[in-house]
Structure formats: C-alpha cells, structure tokens
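Chains R and L, in that order, are what the protein sequence lines are. The numbers in the first sequence follow my numbering, run straight up by one, and end at 456. The numbers in the second sequence follow my numbering, run straight up by one, and end at 456.
Protein chains: 2
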Amino acid sequence: MNKGPVTLMDVAKHAGVSLATASRVINGSERRVSGPLRDQVMVAARHLHYVRNANAQALARSRSSIVGIIVHDLGGPYFSQILRGIESVTENQGRSMLICNSHRDPIREVEYVTLMQAHRASALIMAGSGLHDVDYNEQMLESLDGFTSSGGRAVVIGRHLLPCDAIVPDNVAGGRAIAQHLLDLGHRRIGVIGGPPILTSSHDRLDGVREAFAKAGVVLEPHHLIDGDFTRDSGKVAAIALLDRDPTITAILALNDEMAIGALVVLRERGLSVPRQMSLAGFDDIPASTDVTPTLTTVHVPLRDLGVRAISLALRDATPDPLVEAIPVELRVRESTGRPRSGG
Amino acid sequence: MNKGPVTLMDVAKHAGVSLATASRVINGSERRVSGPLRDQVMVAARHLHYVRNANAQALARSRSSIVGIIVHDLGGPYFSQILRGIESVTENQGRSMLICNSHRDPIREVEYVTLMQAHRASALIMAGSGLHDVDYNEQMLESLDGFTSSGGRAVVIGRHLLPCDAIVPDNVAGGRAIAQHLLDLGHRRIGVIGGPPILTSSHDRLDGVREAFAKAGVVLEPHHLIDGDFTRDSGKVAAIALLDRDPTITAILALNDEMAIGALVVLRERGLSVPRQMSLAGFDDIPASTDVTPTLTTVHVPLRDLGVRAISLALRDATPDPLVEAIPVELRVRESTGRPRSGG
DNA sequence: TTGTATGCGTTATCAT
DNA sequence: ATGATAACGCATACAA
C-alpha cells in the first residue's frame, strides 16, 4: 500500500499528531508528552511496525549510538575476552559495536579511526597496545584528534604513545614476576620468546623480565631470545630455534600464552617432559592455559575486565587531562613450571 | 576558524566546484568528472582533512556500508573463527561489521535483526543455528521480513526454520561419522553430552549419532545422554554426571569441542587415562582441539570457511528462491579415541 | 561534463 | 504540552 518504509511521519499522521510529538515519544529523552498522546503514538508505531532509521537519527543528532572497536587480532583469545567485556556493558546501553581488525597494521589502524569518525561513533576503543612506529604515531595523533574533536571519546587499552585515556595492564610488573618465579625455582638458562618488537607491550614485558634477571645477576643472552608474533605457530618456531641454539636451557618463557602453547606442542613432540625436563611459562592467562597439560604457569591479565573498564571510561565524560588507569596483573603458578633437573 | 566539521560543501567551495561535482569525485561510483576538476576536489579534500559523514551518506542512499552480524556467543572459539572468515572478505570491500551477541536469547536475536534494519545494513549474517521456539520463529520471520523488504540481504549459518539463504554444515553426517568411529573401535556403552535442546544443530548432531547407533543395533539409553550448553563448564558437569550414573562407560562423546575439553579436565582430575581407560570425542575442530593432551578426535567443521561463504553469498544478489548451501564436514581421528580396554 | 534543487528521516529550535 | 519548520550532510534526478 505505502511506498517506502514506514517513517516517523507516517506514525505521526496515523496517530493524529505532529512529527515533533511523535519524535518526542519514540526517541525523546525527556518525556514531556501527555499520557493520551503518548499512547496514541505508541499504538500507531506498533501497528505500523515502525522501525527507526538510525542513520537519520545519527545525522540529526550528529552522533550515533555506535561504539567503535579496533582490535589487533579479531578472533584471537586475547581480544575475544576483551570483546566479551565490552559487550557486557554495551548490551545494556542500547549501543552496538562496530568492530574492525587492524591485523596490527599501522595504516589500517589509522584508517579505522577515521572510519569511526565517519560513523560519528560515540566512543572508540583501541584494544591492543601501541605501536613503535614514528609515522604511525604521528598520523594516529592526527586521526585521533579528528575523531575526538568531532565529538567522540577515545580510550586505548595498553600503553600507547598517545595522549588519550588509557587502561593499561602492568606488563612490566608481569614480566618481572614471571621471570622472578623462574629464577626463584633455580633456573638460570632461560629461553625467552618475545612478542612483535613493534608492540609496546612486547617491550614492557621484556623490560620486566630483564629487570628481574639483572637483579638476580643473570644476563639474558641474545641467543636466548627469539621474537615471535604472538601466534601459536610462531611459538613453535621460536621454541625449536631456542632448543637448537642451546639444548641446555632449563626453561622457556613465552611472552604470551598462545606462543607458550605452541612451544608446549614442540616440547611434547620432542618428548621433553614439562616441567620435569623443561619448565614453561606464558603470559595473559587466556582460557586455554588451564586446558593444556600440564596447565600453564602464567601471568593473569584480567582481559574481560580490561574491556569493561575501557568501555565504562569511554562512556563517561572526558576529563581535562588524559586519564590512565593502571591495571595490576598477577602471577599464576600452575603445573608447567618446576625446579630444574640438575642445579642450574 | 570554521564552525562544525568539514562537509562536502566546504570541499566543493574550496575547490571552486558545485556540491554535486564534489560528491561525484569523492564518493561517486561512476567517474564522470574531468581530470582537472577531479584533482582540484581531491586536493581540497585532502587539504581540509575531509571525512565523509557515513550517516548522511547512508541516509541519502538509504543503504549503509555496514554488514550486521549476530552471533550466539561472542568470544567463543566457534564464532571467533567464523568472524575471522567474514572479516577476511569485508576488509577488502570497505564494509564494516556491526556485531551483536544474542547470548542465544530468542528475544534479543529478533531485536538485533530489527536493529540491523534500523541501520540499513546492506547485509545480515546470523551465525549460529536456528532455535526451536515457536514464538521465536514467528517473530523472527516478521523481523527478517522487515529487514529484507527494507532492502537488506540476509544469510544464516546453520539450519534455521526460516526461508532465507543459508550456509549449513552437515551436522547429521558429522554426528553419524563420529559415532560410527566410536562404534567401529568397539565401544558400546557411550556417554553422550548433547547441546542445548533449543538449537537445531544440537538436534541434528544427535540425530546423526542415533542413526549410527541404530545401524549398529546399539541403543542410546536415556541415562547415557546429558545435555550441556556448549560451554566448557557444562561439559565438566555433564561428564561428572555421566561417570556417576554409569562408571562402566568406555567413551564419552561431546557434541562440541568445548564441552569435550571440559570433560577432559574431569577425566584428568579423576586419573582416568585417555584414551586407554576412556575414549573422548568432540565436534567442531576448534583450534584448541589440537592443543590439549591427548589431541582431540573430532568432526572438522570449516568454521572460517562458513563465514567466508556466508558473507560472499550475502554480498551477491538475491535469488528468487532461498538458496541453501550444504557444507560437508569431516571426521578427524586424533589421539583421544582408541579401543575400549576390555571388549565392549 | 557540470550545476541546481530536492529528498532522505530525524532532531531540535522556535513559536503557539 | 504541542506544532511548524529549519537544519543535519549527502546523493541524485534533472536541467543546462
């Protein structure tokens, strides 16, 4: 019967009121409409199966109900947990998540921030640590500035070299704690699988490790350190290389759990018993870390909570100065670490 | 200097052309603009840091570049893989993903479809099987109809009781295959951990199992079947119950991998060696299934591919009749299954 | 090829 | 409390 979709105008006519009134009862925050008219409009809307046009709404308000989320690795266990946290609060707020996967590519990351500005997202969360890339930080600064000055709120998770609100887990302390744990057990020749050098979190974790080593008078020799890319497969590759370079290491410390699990697979294949012949430790405490055998000693990072805090902060009003919230992490000793076989 | 954000009008003025021309060079699909003017506009846009307003665009076009995605369990390994697949094609298309998590709740599911209509999403993918709920299917039919008749394309992953394009993995065949595998090994007393009864996939998988059992003349006794909810924890609970009810079972078949892993934890705690004392099988072949010890025998479902196919289909034009694409699944025999200790 | 003018569906600012 | 009406920023049919 009608031509296009049902508009608010249609509802208004059907209810015998003005467009303005209809708008007020359907989407108006303040309800300054008399009871009778309210009902008429509601009935009409229901009757006509009215569905609001979110784009028109966003255009008129110059702000959409969307929150933008940029992750480094969509689908990975780390970001999955963070997403869960974010979703747990957006779902009760009538906000929806526009999710982008940067694949840890600086260029895409910058583009996606601009995309969020294009959508007039009310909030933007960049989950995943900052990148060590001069061009990147310069462009990101600009792009982020565009976003915020267009009215959006931005929050990053992890340490970024950017002047915006941040939720940052204490990676340095975590690195220190897990390394200290291995040292306390008596390990001295420890193979370390680092993260992508471009990430600030890789640096921070490694810094923590180095601190603990230094304090114990142990040096992390170059051939005992191999960088992975935070994937399971890179953990396998690195573990193999580590073992080849120095078969006498008594422990492997991977700077995230996924790589640790990759290393575990290698150890299993080589018949090296964990932790009897080789201790193994990870970082993050992803769900899988308690599913593997032996269960993985790691650093617990409250991933879900990171997401909750980030979105909560982003939904609050901005403060004059960037607000950074430090999140403590915690050593979780489980089955994969033990004393070295013969004195280290 | 300026008041609000930079609009296309500003760009046009700065370039000394009309709004229409600016629109054509910036966002016009057909490029019927002379070289010189083109450049002027591009330069002006770049100079002014022009960022398009996606909402205005969507309003004018009455179609946004967003694709809507509704999953049952955001963050879970099953849907994470599917999301990866979807993202791999949207990222090259300039489309972004608006992701909603229904938590398997029929009401939310329906609401989210309407939400996608509100956003004028160009495509909608409902990942996760259909629900056995009369009210649900009725309302969903209506809601989905609203979406499509507003111009959107909808595709579901899994068997739904809805007349729309679908990508459906062959769960029945999978159930048959994994059950047959256990039967072939000689198992006769098999504990089965089913999925949420509300899901069509739970039914289909179980139907397959029943078929294989029947063919082998084995009956699946009621006390050998416990339904979980596809989570790891429910797998633990179910495994415990199964073991309590009948300690003589020789195998446990979980209808998804997460529950199987939960069961594995229980078996480990009880000191039951897998597969020597108890065989264990799962379904889906999530990444973790090769990380656990022993590696999990399961049914491989091409999760990532499911996502790719769904979004590809959704981005193609609709056909007169609903198009359903059947996806074969495949038994993956690994370490967790073996012959029962003493003849079953 | 380029410009003009209208419409997209809401919100919000005015009057009344 | 309610109703006109002007933005909101862009695409596009139509005119030139």
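Ideal Cβ positions, reconstructed from N, Cα and C, are used throughout, including at glycine.
Which listed residue (L:450, L:424, L:435) has its alpha carbon closest to that of residue 205 of chain L = Answer by Cα proximity: L:424.
request  = Flag this pair as yes or no: are the beta carbons of residue 197 of chain R and residue 418 of chain R separated by less than 9 Å?
outcome  = In this structure, residue 418 of chain R lies closer than 9 Å to residue 197 of chain R by Cβ.
key: Extent of the continuous beta strand (DSSP E) to which residue 281 of chain L belongs   = Start and end: 277-281.
ask   = According to the Cβ coordinates, are residue 395 of chain R and residue 317 of chain R closer than 9 Å?
value = Yes. Within cutoff.
task = For residue 209 of chain R, decide whether its Cβ has a neighbour in chain L, counting only Cβ atoms nearer than 9 Å.
result = At least one chain L Cβ lies under 9 Å of residue 209 of chain R.
ask   = Which partner residues does residue 271 of chain R have in the DSSP bridge list?
value = DSSP lists no partner for residue 271 of chain R.
key: Proximity test, Cβ basis, 9 Å: residue 203 of chain L and chain R   = Interface residue, yes.
message = By the DSSP assignment, the alpha helix (DSSP H) with residue 255 of chain R in it spans what residues?
response = Membership of residue 255 of chain R in the alpha helix (DSSP H) is indicated by the continuous run 246-261.
ask   = Where does the unbroken alpha helix (DSSP H) through residue 312 of chain L begin, and where does it stop?
value = Looking at the DSSP string, the run of the alpha helix (DSSP H) that includes residue 312 of chain L is 312-327.
query = Any beta-carbon of chain L closer than 9 Å to the one on residue 380 of chain R?
reply = Taking Cβ atoms only, chain L reaches closer than 9 Å to residue 380 of chain R, which makes this a yes.
ask   = Does the beta carbon of residue 212 of chain L come closer than 9 Å to any beta carbon on chain R?
value = At a cut-off of 9 Å between beta-carbon atoms, residue 212 of chain L makes contact with chain R.
message = So residue 226 of chain L contacts chain R; which residues on that side make the cut at Cβ distance below 7 Å?
response = At a C-beta separation below 7 Å, residue 226 of chain L has these neighbours in chain R: 163.
inquiry  = Rounded to the nearest angstrom, what separates residue 186 of chain L and residue 301 of chain L at their Cα positions?
reply    = A direct Cα-to-Cα measurement between residue 186 of chain L and residue 301 of chain L gives close to 35 Å.
ask   = Between the Cα of residue 285 of chain R and the Cα atoms of R:325, R:254, R:303, which residue gives the shortest distance?
value = Answer by Cα proximity: R:325.
One or two residues paired with residue 213 of chain R in a DSSP bridge = According to DSSP, residue 213 of chain R bridges with R:183.
ask   = Whose C-alpha, out of L:409, L:195, L:233, is nearest the C-alpha of residue 427 of chain L?
value = Of L:409, L:195, L:233, the residue nearest in Cα terms is L:233.
ask   = Taking residue 416 of chain L as the reference, which of L:130, L:354, L:120, L:201 has the closest Cα?
value = Answer by Cα proximity: L:201.
message = Once the 5 residues before and after residue 455 of chain R are set aside, which same chain residues still bring their CB inside 8 Å of it?
response = Confidence at residue 455 of chain R is low in this model, with a pLDDT of 43, below 50, so its placement is unreliable and the value that follows should be read with caution. Counting only Cβ-Cβ distances below 8 Å, and skipping sequence neighbours, we find 298.
key: residue 192 of chain R, DSSP secondary structure in three states   = In the three-state scheme derived from DSSP, where H, G and I count as helix and E and B as strand, residue 192 of chain R is classed as helix.
query = Since residue 389 of chain R meets chain L, which of its residues come closer than 8 Å, beta carbon to beta carbon?
reply = In chain order: nothing, as chain L lies at least about 16 Å away.
message = Under 9 Å, Cβ to Cβ, is there at least one residue of chain L near residue 231 of chain R?
response = Yes, because at least one Cβ of chain L sits closer than 9 Å to the Cβ of residue 231 of chain R.
request  = Flag residue 199 of chain L as yes if its beta-carbon sits less than 9 Å from any beta-carbon of chain R, otherwise no.
outcome  = Residue contact with chain R for residue 199 of chain L: present (Cβ-Cβ distance below 9 Å to some residue of chain R).
inquiry  = I want to know whether the stretch 286-297 of chain L touches the stretch 436-445 of chain L - three or more CB-CB distances under 8 Å.
reply    = The stretch 286-297 of chain L vs the stretch 436-445 of chain L: in contact.
ask   = Taking C-alpha atoms, which residue in R:223, R:230, R:250, R:276 lies nearest to residue 434 of chain R?
value = Relative to the Cα of residue 434 of chain R, the nearest Cα in the group R:223, R:230, R:250, R:276 belongs to R:276.
ask   = By the criterion of Cβ-Cβ separation under 8 Å, what are the contact partners of residue 403 of chain R in chain L?
value = Per Cβ cutoff of 8 Å: 344, 373, 376, 377, 400, 403, 404.
inquiry  = Is the separation between the beta-carbon of residue 245 of chain R and that of residue 182 of chain R shorter than 9 Å?
reply    = Contact: no.
Start-to-end residues for the beta strand (DSSP E) that takes in residue 384 of chain R = That residue, residue 384 of chain R, is in no beta strand (DSSP E); it is neither H nor E in DSSP.
task = Report the partner residues of residue 208 of chain R according to the DSSP bridge assignment.
result = Note: residue 208 of chain R sits in a beta bridge opposite R:178.
message = Taking the alpha carbon of residue 221 of chain L as the reference point, which residue from L:164, L:209, L:247 has its own alpha carbon closest?
response = Nearest Cα to residue 221 of chain L within the set L:164, L:209, L:247: L:247.
task = Measure the alpha-carbon distance for residue 166 of chain L versus residue 351 of chain R and round it to whole angstroms.
result = When rounded, the distance between both Cα atoms is 47 Å.
message = Please confirm whether residue 170 of chain L has its beta-carbon closer than 9 Å to some beta-carbon of chain R.
response = Yes, residue 170 of chain L counts as interfacial toward chain R.
inquiry  = Would residue 305 of chain R and residue 339 of chain R be called neighbours here (beta carbons separated by less than 9 Å)?
reply    = In contact: residue 305 of chain R and residue 339 of chain R (Cβ atoms closer than 9 Å).
inquiry  = So that I know if they touch, is there some Cβ in chain L lying closer than 9 Å to that of residue 196 of chain R?
reply    = Chain L, which has a Cβ nearer than 9 Å to the Cβ of residue 196 of chain R, makes this yes.
ask   = So is residue 450 of chain R buried or exposed if we call it buried at 16+ other beta carbons inside 10 Å?
value = Residue 450 of chain R should be labelled buried.
ask   = What do you get for residue 432 of chain R, buried or exposed, if any count of 16 or more other CB atoms within 10 angstroms of its CB means buried?
value = Here residue 432 of chain R is exposed. Its C-beta has fewer than 16 other C-beta atoms within 10 Å.
ask   = Can you list, in chain order, the residues of its chain whose CB lies under 8 Å from that of residue 144 of chain R, leaving out five sequence neighbours each side?
value = The beta carbon of residue 144 of chain R is closer than 8 Å to those of 136 in its chain, skipping five residues each way along the sequence.
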